[in-house]
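Residue numbers (full-length UniProt numbering): 1 to 279.
Backbone N, C-alpha and C fix where the C-beta goes; we use that ideal spot for every residue, glycine too.
What follows is a single structure, written as structure tokens, with notes after it.
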Amino acid sequence: MTTIPQVTLNDGLLLPAVGFGTYKLNGAAGINSILSAIDTGYRLLDSAFNYENEGALGEAVRRSSVPREALIITSKLPGRHHKYDEAITTIQESLFRAGLDYYDLYLIHWPNPSKDLYVEAWQALIDAQKWGLIRSIGVCNFLPEHLDRLIKETGVTPSVNQVELHPYFSQEKQRAYDKEHGIVTESWSPLGRANKLLQDPDIKQIADAHQKTIPQIILRWHVQLGAVPIPKSSKPSRQLDNLSLFDFKLNDEEMQKIGRLSHADGRTYNQDPAIYEEF
Ligand SMILES: NC(=O)c1ccc[n+]([C@@H]2O[C@H](COP(=O)([O-])OP(=O)(O)OC[C@H]3O[C@@H](n4cnc5c(N)ncnc54)[C@H](OP(=O)(O)O)[C@@H]3O)[C@@H](O)[C@H]2O)c1
């Protein structure tokens, strides 16, 4: 089985350098896919209250032969429950749905700046961490101005910022901000949700040179950037491919070539957190 390197979060939690995305993995089929991912070697598992699959994730964890303590299990607070009391109840509901005593990582899913409640939500995560419901707390889709406010108003810096990141949208500025503040960037849609990125001719050239697949080159690029990709696949053979990233390296020229594919409007679904909100 592949040994996955780890990165250390600002609170000491060790995060595998690659994780597993679970959006659209629901019900019995979802349990099977998540179980196969754990068997393949994934230890960082991503989910969200809004994916409606915390139950499937918890069931896969119980059916797996891997001890629960060896897994880093993530969920996320939805935008409609940012008010402090609702956020606390939602974290508890997330745990009940999964049948878990604690989450390893719990993230605010979107900042929803027009509602201006994300600092309140953050205070709820801080308290839930103190009470032992969550080991590490972070955010998703937070821009520098949102992170500045969390840090200034609560004194607590998120451990993780999970953002859209792939070669067509490389998030150079956000990654630099995160790094400067000791926040680990996780990459959502690291494969661009299998859009035209997976046919890109420049990446294909690099893949051929290494005798690897295009997804492997893309995911290796994330790892070398220091970002933690969480690719989703329902298929065991792809799950294995997406984890087999640690027997080769991209050189500087290859990293730069992939970096040059990024463009300002490269988001897959135009979800700019300054204006896009999700509840
Ligand atoms: N925080 C947020 O706001 C946010 C937003 C979006 C996503 N996420 C998280 O990030 C995770 C990953 O993002 P994502 O699911 O949007 O997209 P993704 O991981 O970039 O792409 C998933 C798609 O790629 C296909 N795929 C995976 N590996 C492949 C391979 N080796 N070769 C060819 N096709 C492959 C999958 O198909 P098959 O399943 O058929 O293999 C699926 O259609 C999500 O599952 C979720 O956990 C978070």
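For residue i, the nearest candidate out of the options (CA to CA)
i           : options               : result
residue 52  : 95, 177 and 130       : 95
residue 234 : 25, 72 and 144        : 25
residue 312 : 153, 13, 258 and 113  : The structure shown does not extend to residue 312, since the chain is modelled only from 1 to 279, so the question has no answer here.
residue 44  : 29, 73 and 137        : 73
residue 191 : 176, 19 and 10        : 19
residue 237 : 256, 120, 17 and 215  : 215
residue 106 : 135, 127, 208 and 119 : 135
residue 12  : 104, 66, 28 and 225   : 104
residue 260 : 143, 66 and 168       : 168
Element boundaries [beta strand (DSSP E), containing residue i]
i           : result
residue 104 : 103 to 108
residue 134 : 134 to 140
residue 186 : 184 to 188
residue 72  : 72 to 77
Cut-off 7 angstroms between Cβ atoms - residues of its own chain near residue i, not counting five sequence neighbours on either side
i          : result
residue 64 : 35 and 38
residue 54 : 47, 75, 94, 97 and 98
residue 68 : 61
Residue i burial status per 10 Å Cβ neighbour count (16 or more: buried)
i           : result
residue 132 : exposed
residue 264 : exposed
residue 30  : buried
residue 252 : exposed
residue 16  : buried
residue 78  : buried
Residue i Cβ short of 7 angstroms to ligand 1 heavy atom set
i           : result
residue 104 : no
residue 23  : yes
residue 129 : no
residue 190 : yes
residue 213 : yes
residue 178 : no
residue 231 : yes
Chain-order list of residues whose beta-carbon lies under 8 angstroms from that of residue i (same chain, five-residue window excluded)
i           : result
residue 151 : 157 and 181
residue 230 : 18, 19, 20, 21, 44, 46, 162, 186, 187, 188 and 190
Residues of its chain near residue i, where Cβ-Cβ distance is below 6 angstroms and the 5 sequence neighbours each way are ignored
i           : result
residue 175 : 185
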